[in-house]
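Step one of this worksheet: look at the structure below.
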Amino acid sequence: MGGVALNVRSMEDVRHEADRLLEIQGCTALIVQQYVKGSREFVCGMKRDEHFGPCVAFGLGGVLTEAIADVVFRVAPLTHWDAKDMMEQIQGRNILAPFRGEQAVNRENLGKILIKLGEIGLQFPQVKEIDINPVLIRQDGMPIAVDALIVLKD
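Numbering-wise, the sequence shown is residues 1050 to 1203 according to the working numbering.
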């Protein structure tokens, strides 16, 4: 849809992009946030399965989510052990370690995201799906959600 503007560097750029975004059908408000740099991207999500209920997803994110499809799922609720095990199950798990001069991923905080997604799925049956993509890893190893989508039941 073209609903994201990146690398906006001046007030003139902000005004231009705001005008462009507000022309998108259905767009009535904007969210402005700090640009976050990170070379590692993950996807964290929750999908309500017809048979299993809320299931939590974790894998390689950004454009790689669909291209590589390196994603694992667990049925909620998740424990800390489940969250850490999910991180070990993806093929690209090596990028969780120190990478290109950046610190290792803070797995404790990344795990908290996964656990919380499961809790949301259990506590709010009206939530059909949550997709946080990408979850960027800052140079200090901390994960930060950059974009998210929440789909509610009809």
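All C-beta atoms, glycine included, are put in the ideal place defined by N, C-alpha and C.
Exercise. Going by DSSP, name the residue or residues bridged to Arg1069.
Key: DSSP lists no partner for Arg1069.
Quiz item: Which one of Ile1139, Leu1145, Gly1150 and Gly1102 has the shortest CA to CA distance from Val1176?
Solution: Gly1102
Exercise. State whether the region 1116-1134 contacts the region 1056-1069, with contact taken as three or more CB pairs (one from each stretch) at a distance under 8 Å.
Key: no
Practice problem: Using alpha carbons as the reference points, say which of Pro1126, Asn1143, Gln1152 and Gly1160 lies closest to Met1135. | Solution: Gly1160
Quiz item: Is the region 1123-1133 touching the region 1068-1080 in the sense that three or more CB pairs, one from each, lie closer than 8 Å?
Solution: no
Quiz prompt | Residue range of the alpha helix (DSSP H) that includes Leu1171 | solution = Arg1156 to Gln1172
Quiz item: Can you list the beta strand (DSSP E) stretches of 3 or more residues lying completely in the region 1075-1109, in chain order?
Solution: 1089-1098 and 1102-1109
Quiz prompt | DSSP three-state assignment for Arg1142, whether helix, strand or coil | solution = helix
Exercise. Would you kindly work out how many angstroms separate the C-alpha atoms of Asn1155 and Val1124, rounded to a whole number?
Key: 23 Å
Exercise. Would you mind giving the Cβ-Cβ distance between Gly1052 and Leu1071, rounded to the nearest angstrom? I have them listed as a contact below 8 Å.
Key: The pair is not a contact, with the Cβ atoms about 11 Å apart (cut-off 8 Å).
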